[in-house]
Structures are given as structure tokens and as C-alpha cells.
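To start, the structure itself, in C-alpha cells.
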Amino acid sequence: MDRPIPPFYCVYMLRSTVRHSSLYVGSTPHPPRRLRQHNGLAKGGAVRTSRDKVRPWEMAAIVSGFPSKIAALQFEWSLQNTHLTRHIPTEERITARHTVQTFSTKTGRARKRIKRPRDSLNDKLSNLHLLLRVKSFARWPLTLHFFAEDVYKAWGRMCKKTLGSLSPTLSIVTDFATAAISTTSTANDQPESSAKSGVTKGIDQNGIHALELDYKSMTAYVQKLDNILSQNPASHCAVCSNALDNAADAILVCPTTTCRMTSHLACLANHFLRLEPKAETILPVRGQCPQCQSQLQWSELVRELSLRTRGSELVQKMLKPKTRKGKDAAVDVYDDEDDEDAEDEEDELVYQEHDDNGNAIAVPAIDDDSDHSDSSIDVPLSVKVNQRAKAVVAAQSPAKVIATMIPNSEWDDIENVLE
Numbered sequence: 044m045d046r047p048i049p050p051f052y053c054v055y056m057l058r059s060t061v062r063h064s065s066l067y068v069g070s071t072p073h074p075p076r077r078l079r080q081h082n083g084l085a086k087g088g089a090v091r092t093s094r095d096k097v098r099p100w101e102m103a104a105i106v107s108g109f110p111s112k113i114a115a116l117q118f119e120w121s122l123q124n125t126h127l128t129r130h131i132p133t134e135e136r137i138t139a140r141h142t143v144q145t146f147s148t149k150t151g152r153a154r155k156r157i158k159r160p161r162d163s164l165n166d167k168l169s170n171l172h173l174l175l176r177v178k179s180f181a182r183w184p185l186t187l188h189f190f191a192e193d194v195y196k197a198w199g200r201m202c203k204k205t206l207g208s209l210s211p212t213l214s215i216v217t218d219f220a221t222a223a224i225s226t227t228s229t230a231n232d233q234p235e236s237s238a239k240s241g242v243t244k245g246i247d248q249n250g251i252h253a254l255e256l257d258y259k260s261m262t263a264y265v266q267k268l269d270n271i272l273s274q275n276p277a278s279h280c281a282v283c284s285n286a287l288d289n290a291a292d293a294i295l296v297c298p299t300t301t302c303r304m305t306s307h308l309a310c311l312a313n314h315f316l317r318l319e320p321k322a323e324t325i326l327p328v329r330g331q332c333p334q335c336q337s338q339l340q341w342s343e344l345v346r347e348l349s350l351r352t353r354g355s356e357l358v359q360k361m362l363k364p365k366t367r368k369g370k371d372a373a374v375d376v377y378d379d380e381d382d383e384d385a386e387d388e389e390d391e392l393v394y395q396e397h398d399d400n401g402n403a404i405a406v407p408a409i410d411d412d413s414d415h416s417d418s419s420i421d422v423p424l425s426v427k428v429n430q431r432a433k434a435v436v437a438a439q440s441p442a443k444v445i446a447t448m449i450p451n452s453e454w455d456d457i458e459n460v461l462e
């Protein structure tokens, strides 16, 4: 990997404001832009969300705080395919798989495929709760945002009926469109009372527009670290007391403003792991700074390290003095042009789970939310795509053709463009 850990990447759940039973799960580094795409206000979007009878869509909830883009894509695939994913043990699986059989009109041969179940809101929330507490994702410092009040209340009712408890590393945030403040609570607080017991904070914008999508919040941290390493090249590790090599060692620095603690990556990880209750833990989640005793998040430390070692151009922008005046003086340190192109086209990176024999698990096509039943005609995929492309071009004048829809999210096969 030659790119830093993204400042933000989330798995989101859309809900149709026209038909609440229509849900959609996807992933993106930029929720406001992605929502505009799904609602047809910007180039791109997904075929399943392009029908006028289910638009406009609203962002019901998102899960953020993933340690990498690949981690977010793993979580997205698991939430879309809860009947297939191996992250959920068989005995705990909520959604059961079932197969459908169709016959080709040309050859008469039978074709069997695994059909993705059409989940209700309660099913989605139950599977989300299950994924957040399985071993694969329980230790990640995730944040669950709710932007629809009725969805949040449904989550609270479901939590009361669920026996399993969520990880204390999970934060739950509510930010409803009609609210003037954002309320925050921990995962194990009572969801229904979190708005009263949580810490409130004022925000300039509500909902997905209040999310921090760039590295700007890390500017002071990066500037502090640059001063420490440049002014004191002969620094020592606060854990092992050995000298640090700024050019060769992976160095972590405490983000606390008044602390100048520096440490080897491995040394600080072992220091944090000594406080972990489970001996089999490999990576820490949080820990205390060995110098100032502040509580540090491991993900924040590693994100800064990846930005420093893999994003030199972004770091230079963050360290560059401001030359403009006024509100536009802030330096845009997050270039999302590449991410926008990646969402407008099919992502080349494909996450694939495998069975016990090492065989890839086929990702089934998403069943459409429309009221008509699936067609039983088995037409070659290339023919279907060509027919669909010709229909799109024929329905529009050449001067008005600007773009066609991209495949659903980053995981859906090209078959998903078929009704």
C-alpha cells in the first residue's frame, strides 16, 4: 500500500423517504456527495437507487472509524451478505440462505444460485448489531451514527431484546435533521436515554454535513510532530530508552499538546498490550501515554504515522503557511478527486471471502426492490449489458447523455444492473 489511511471511510444504510421498506447498503469516503449521487443530483450513483418511485433517499445510519478502506469494504460485504459471510458463526446467523432455480429458454438447462434475502429494517439492525459484536469487528474503534430518529428508536427496542452486549470501544452518535445539537453516548448506555445522559456539543451543520471528511483536524498534530523530529533528531524511545532513527524507525508521538513523548511503534504497542485483559490480543485499541499518562487511541497514532510515511504531499500542504485571508484561508489537505473517480467506476479492488477449502464464495446478485418477479430467461451477461447500454443511449438525445449509472456500491456484480 502506498497511500495513507483515509481520514474517513464509512459503511452507510440508505432508506427511501417514499417507501421505507426500501433499504440500501454501501460504502463511501464522502457521504454528502454519495447521497447526492444516489438522488440523481450528481454524476454517478447506483442502479438500484435510480428509480424515481423510491427517490429521494435519506441517510439513515453510518458506521465509521475503520482502520483502513479494506476494513470498511469487508464490513460492507458482510452486512450485505449476512447469509454468506464467515465473520458470523453459523450458529449465530440470523439470515438464512436459500437457492432459486431457473431454466434457460435456449438450452433448457437448470441454473441454481444463492438468492440474497430482502431484509427489513429490523433485520438490518439485528445483523448490524451482530456484526458489531463478533470477534472480527468488536475491537475496532467504530462509531455508529444515526440520522433518522425512528431508526434510532428501532435500534433501541432491538437492543433491549438482544442478549449480546456491544464492545465498549463502540461509540453511538445521534444527529437528527431537526436537532440543533449532536448527542454522544457509549455503546453500552441505554439507547433510549442517551440523548439525556450523553455529552452534547454544538455544531455548525447537522447530519452528514457535520462529519469530518479530511485531515484538517490533524494539522496541529502533524505540525507538532514535525517540530519535535526536526528540532530533536537524537530523540529516545520513552519505553525502551533506545535512540530513535528518524529515517528508519516507525516513530509514534503523543498527540497531547503539552507532551513530547516519542516511541517505537512496536514498543508502544507492547506497552499498551500489557494492560489488555486477553493474552491472545495482537493489536492494541487504546492505552496510556508512558510519559503524560493521557488516554491515547491506537488508531489515531497509526493514522498519523501512515499520513507521514505515505502522504508526503499532503503533509507538505498541511505544513505550508497560509497565504490567503478570510474563511477560505484553510488549506484543503484532502484530495478526494481519486476517490470520486473510484466511486464513478467499478473499483478494481475486490474483497472476496473463501470457504474452508479455499474456494471463493460467489457474491450473489442483489435482488431488486421492485414489485415484479425475477425473470427466468437465462441470457448471456454480455448481451444483457449491451442491450441495457443501447436502451440508455436510445432514450436520451446525444447532447443530453452525460453518464450512465455505475454498479451498486463497490461489491455488486455487473449483473446488478439488470432488473
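Using my numbering, you'd call the opening residue of the sequence shown number 44 and step up by one each time. Backbone N, C-alpha and C define an ideal beta-carbon position, used for all residues, glycine too.
{"Query": "Would you identify the three-state DSSP class for GLU255, choosing helix, strand or coil?", "Result": "coil"}
{"Query": "Which value, in whole angstroms, describes the spacing of the CA atoms of CYS280 and ARG182?", "Result": "27 angstroms"}
{"Query": "For LEU344, which option in LEU318, ARG303, CYS297 and THR352 has the closest C-alpha, if you only look at C-alpha atoms?", "Result": "CYS297"}
{"Query": "Kindly indicate which residue of LEU350, ARG317, ILE251 and GLN334 has the alpha-carbon position closest to the one of ARG76.", "Result": "ILE251"}
{"Query": "Taking the Cβ atom as the reference point for each residue, do HIS172 and ALA104 lie within a distance shorter than 8 angstroms?", "Result": "no"}
{"Query": "Please state the DSSP three-state secondary structure of VAL194.", "Result": "helix"}
{"Query": "What's the C-alpha gap between GLY69 and ASP166?", "Result": "16 angstroms"}
{"Query": "Would you report the Cα separation of VAL393 and ILE113, rounded to the nearest angstrom?", "Result": "Note on VAL393: pLDDT 46, under 50, position unreliable in the model; the coordinate value appears next. Taking the straight line joining both Cα atoms gives about 9 angstroms."}
{"Query": "Taking the beta carbon of LEU84 as the centre, do at least 16 other beta carbons fall within 10 Å, making it buried, or is it exposed?", "Result": "exposed"}
{"Query": "Output needed for CYS332: all residues of its chain with C-beta closer than 7 angstroms, excluding positions within five of it in sequence on either side, in chain order.", "Result": "CYS297, THR299, CYS302, MET304 and LEU339"}
{"Query": "Measuring alpha carbon to alpha carbon, tell me which residue in PRO99, SER111 and SER65 is nearest THR71.", "Result": "SER111"}
{"Query": "Give the DSSP bridge partners of SER59, in chain order.", "Result": "TRP100"}
{"Query": "Taking the alpha-carbon positions, what's the GLU255 to PRO49 distance?", "Result": "12 angstroms"}
{"Query": "Given HIS63, which residues of its chain have a CB within under 8 angstroms of its CB, disregarding the five upstream and five downstream residues?", "Result": "LEU164"}
{"Query": "For the segment 56 to 95, which segments carrying the alpha helix (DSSP H) assignment without a break, of at least 4 residues, lie completely within its bounds, in sequence order?", "Result": "74 to 81"}
{"Query": "Once you ignore the five residues that flank GLY207 on each side, which residues in its own chain have a CB closer than 7 angstroms to its CB?", "Result": "ARG176"}
{"Query": "So which of ASP218, GLU323, PRO327 and LEU357 has the shortest CA-CA distance to ASP257?", "Result": "LEU357"}
{"Query": "When the Cα atoms are used, what is the spatial distance from PHE51 to GLN274?", "Result": "31 angstroms"}
{"Query": "Using only the alpha-carbon positions, how far apart do TYR55 and SER278 sit?", "Result": "43 angstroms"}
{"Query": "On the DSSP bridge assignment, give the partners of GLN338 in chain order.", "Result": "GLN331"}
{"Query": "Per the DSSP calculation, VAL177 is bridged to which residue(s)?", "Result": "Beta-bridge pairing links VAL177 to no other residue."}
{"Query": "Tell me where the beta strand (DSSP E) around PHE189 begins and ends.", "Result": "186 to 189"}
{"Query": "Identify the continuous beta strand (DSSP E) that holds HIS307 and give its terminal residues.", "Result": "305 to 307"}
{"Query": "Tell whether a beta-carbon distance below 8 angstroms holds between VAL265 and LEU311.", "Result": "no"}
{"Query": "What's the C-alpha gap between HIS288 and PRO276?", "Result": "A small correction: the amino acid at residue 288 is Asp; His does not occupy that position in the sequence shown. If you take the alpha carbons of ASP288 and PRO276, they lie about 8 angstroms apart."}
{"Query": "Could you pull the DSSP bridge partners for CYS53 from this structure?", "Result": "THR71"}
{"Query": "Where does GLY127 land, buried or exposed, given buried means 16+ other C-beta within 10 angstroms?", "Result": "Sequence inspection shows Leu at residue 127; the Gly mentioned does not correspond to that position. LEU127 is buried by the Cβ-count criterion."}
{"Query": "Per the DSSP calculation, ARG154 is bridged to which residue(s)?", "Result": "THR145"}
{"Query": "By how many angstroms is the C-alpha of ARG200 removed from the C-alpha of SER169?", "Result": "11 angstroms"}
{"Query": "Tell me whether the beta-carbon of LEU316 lies closer than 8 angstroms to the beta-carbon of LEU308.", "Result": "no"}
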